[in-house]
Structure formats: structure tokens, C-alpha cells
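From first to last, the protein sequence lines stand for chains H and B. Its first residue numbered 462, the first sequence is counted upward by one per residue in this note's numbering. Its first residue numbered -2, the second sequence is counted upward by one per residue in this note's numbering. Working notes, structure below.
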Amino acid sequence: QQQVRQSPQSLTVWEGETAILNCSYEDSTFNYFPWYQQFPGEGPALLISIRSVSDKKEDGRFTIFFNKREKKLSLHITDSQPGDSATYFCAATLNNYAQGLTFGLGTRVSVFP
Amino acid sequence: EAGVTQSPRYAVLQEGQAVSFWCDPISGHDTLYWYQQPRDQGPQLLVYFRDEAVIDNSQLPSDRFSAVRPKGTNSTLKIQSAKQGDTATYLCASSRDWGNYAEQFFGPGTRLTVL
């Protein structure tokens, strides 16, 4: 059973629109949720993260909304740019010191000018 | 500061052959991870080390896969007898252990194709 689920599988938006990516998880002990951005041929790179004590985290055009009760998160990309076209992964861990991450299957975002 | 480096970047082999992947983490990072990323999927943790010690290798197919980090710096992941199902990108990541919520930095990966 997939511990971290993402939807949609792929998403197309026009430049300037807001892209909304969804994530849900099973393990209620997860307390740290990083989102990674991956371009073809590259490794994932940390985009933004949130701890379970917060319900919102903002960094420029990227915002995470977190609902602990429902075990759901969403990543909002406002004013989408063609350079945002990439695959986005939601990940989760119980972060008592450095531990491995559990990743979702990813959402492929395409932004057209 | 140099990032995580991996080699080779690509490998193509026949079923039954052996292959090794090498990773050089970011200097000062004492935690090192190996992930397997099948095509169009997210990375899946195989094993991770703190210094030279294996912390969790429960997801490593132990009959054919092995990983070492003898001096607590560089690491090697080896597949003894590759199968077509091993076709994937193998990612190495590193992080600082001290402090919670340690960010993991990923290398570019080694793309393996098993024919």
C-alpha cells in the first residue's frame, strides 16, 4: 500500500495560473513533509518543506497547506512559469534526526506560455 | 561547496552481470542514503548510513545488493547479478545528522538499464 499518495499524476497549466498539487499520507507518526522538484536527468532538489506543527508554509510563489487531522497536504504554485515545468514529489518522514524519506509517485507539471 | 557526485552516470548490462555505483557525498555530511527510482516513480529508500554504520538496510534486496561506506565518506552500491527488474535510476543523497529535519541533498543519479 502506497504510504504517500499524490494527485493528479500530471497537470497542465498556462503561464500565470496557479497549479495545485495534492498529497495524502497513511502513517500518522510522520511529522516532516518536504516537497522535491526534479527535472529530467537530474536528482530531486528540495523546494519547500513543512513540519506537522504548522498548517501553512510559504516561500515566494510556493505555498504548502497542511491538514493534520485529514492527513493531507497541498502545494500551490502561484504565477506559474515555464521554468516550473518539472515533476514534483511529496515526501514524508518521522524526523528524529536524519532518516530516510518516503516519497509519493510524483506529479508532472507542464506550464505553457 | 561541491554537491553530491555519482559515477558512472549511465550503465547498460546484460542480466546476470555485476555492476557497482559510486557516491561521494557533500563534505561534512555524515549521513548517506541510497535510493532506487524506477521510471516514472518516486525514489524508494534502499539503505542509509551514519558514518560507516548501516542504520537501515531493510529495503535492500540482500541476496544481490550490497552497500558499504568503509571510512564514513564515499560509498559503493553493488548489484551482484542484475535482473531486468533492477532497471532504474540509483540516487545517492547525503545530509548532516545533527539537528532535526536534516535536508537531504541528492546527486544526479546513475541510470541503469538491464537488458
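Every residue, glycine too, gets a C-beta built ideally from N, C-alpha and C. Nothing here was measured: the structure is a model prediction, and the numbers come from that model.
Residue interval of the beta strand (DSSP E) (run including residue i)
{"i": "H/H537", "result": "533 to 538"}
{"i": "H/K529", "result": "Counting along the chain, H/K529 falls outside any beta strand (DSSP E), and DSSP gives it neither H nor E."}
{"i": "B/R93", "result": "Here B/R93 belongs to no beta strand (DSSP E), and DSSP marks it neither H nor E."}
{"i": "H/S485", "result": "480 to 486"}
{"i": "B/I23", "result": "Unbroken run through B/I23: none, as it is neither H nor E."}
Own chain partners of residue i with C-beta closer than 7 Å, once the 5 adjacent residues on each side are dropped
{"i": "B/Q11", "result": "L112"}
{"i": "B/R66", "result": "L29, F46, E49, S72"}
Residues that DSSP places opposite residue i in a beta bridge
{"i": "H/L555", "result": "Per DSSP, none; premise fails for H/L555."}
{"i": "B/L42", "result": "B/Y32"}
{"i": "H/Q498", "result": "H/A506, H/Y549"}
Cα-Cα separation, residue i to residue j
{"i": "B/S59", "j": "B/V44", "result": "11 Å"}
{"i": "B/Q101", "j": "B/T70", "result": "16 Å"}
{"i": "H/G561", "j": "H/T554", "result": "7 Å"}
{"i": "H/F500", "j": "H/V514", "result": "30 Å"}
{"i": "B/Y7", "j": "B/S17", "result": "11 Å"}
C-beta atoms of residue i and residue j nearer than 8 Å
{"i": "H/Y549", "j": "H/G521", "result": "no"}
{"i": "H/T479", "j": "H/S535", "result": "no"}
{"i": "B/L29", "j": "B/P40", "result": "no"}
{"i": "H/Y497", "j": "H/P505", "result": "yes"}
{"i": "H/K532", "j": "H/S489", "result": "yes"}
{"i": "H/F527", "j": "H/I511", "result": "yes"}
Cβ shell of residue i (< 6 Å), same chain only, five flanking positions each side left out
{"i": "B/T110", "result": "V9, T84"}
{"i": "B/W19", "result": "S4, T73"}
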